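**Student:** Residue numbers (the working numbering): 5 to 189.
#1: Report the three-state DSSP secondary structure of residue 24 (helix, strand or coil).
#2: Between which two residues does the alpha helix (DSSP H) containing residue 172 stretch?
#3: Taking the alpha carbon of residue 62 as the point to measure from, which residue in 74, 171 and 161 has its own alpha carbon closest?
#4: Please name the residue in 137, 165, 59 and 12 whose C-alpha comes closest to that of residue 104.
#5: Excluding the 5 residues flanking residue 156 on each side, which residues of the same chain have their C-beta closer than 6 Å to its C-beta?
#6: I'd like to check one pair, residue 124 with residue 143: are the Cβ atoms closer than 9 Å?
#7: Looking only at C-alpha atoms, which of 114, 149 and 72 sits nearest to residue 32?
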């Protein structure tokens, strides 16, 4: 049960965003700037970073919705690849560049000062440029905020994967927003 009065049946971050449109607007602008960019990292890679950080933060809603979006971008229909990335990305078929960026994201999740010079050097050696490193750090930091917003208010999270798949299609088509159309999210 949410800690504040949110619209009933509106899951995850959508509930607090509908509750507070004046903060939702800038948060959605940030999410769109970070996740809907085609500069450097692909949209699927960006979503994978958000999913991974959300899994480290144990935020069920965020890791599931962003996992669904990443899976759609990466054509991972049964979500098995994303699940493997969350449990042990080092053993997946991800590029060495993405593995090194996820290592950086994991350090940011623990605290920004945990990112080491060695991690940055490894990422560069594996093909990451300044934009990739910047965006990885900012995505990881932003997801820590988003995860704490969702879980700090004890928002609800559906367990039906089709809800997340349907929302993923809307995000891919329209970007991030806290809107409801035809009674669906």
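All residues carry an ideal CB built from backbone N, CA and C; glycine is no exception. Since the model is a prediction, treat every value here as computed from it, not as a measurement.
**Tutor:** So, to answer that:
#1: coil
#2: Membership of residue 172 in the alpha helix (DSSP H) is indicated by the continuous run 165 to 178.
#3: Of the candidates 74, 171 and 161, the residue whose Cα lies closest to the Cα of residue 62 is 161.
#4: By alpha-carbon distance to residue 104, the top candidate from 137, 165, 59 and 12 is 137.
#5: none
#6: no
#7: 149
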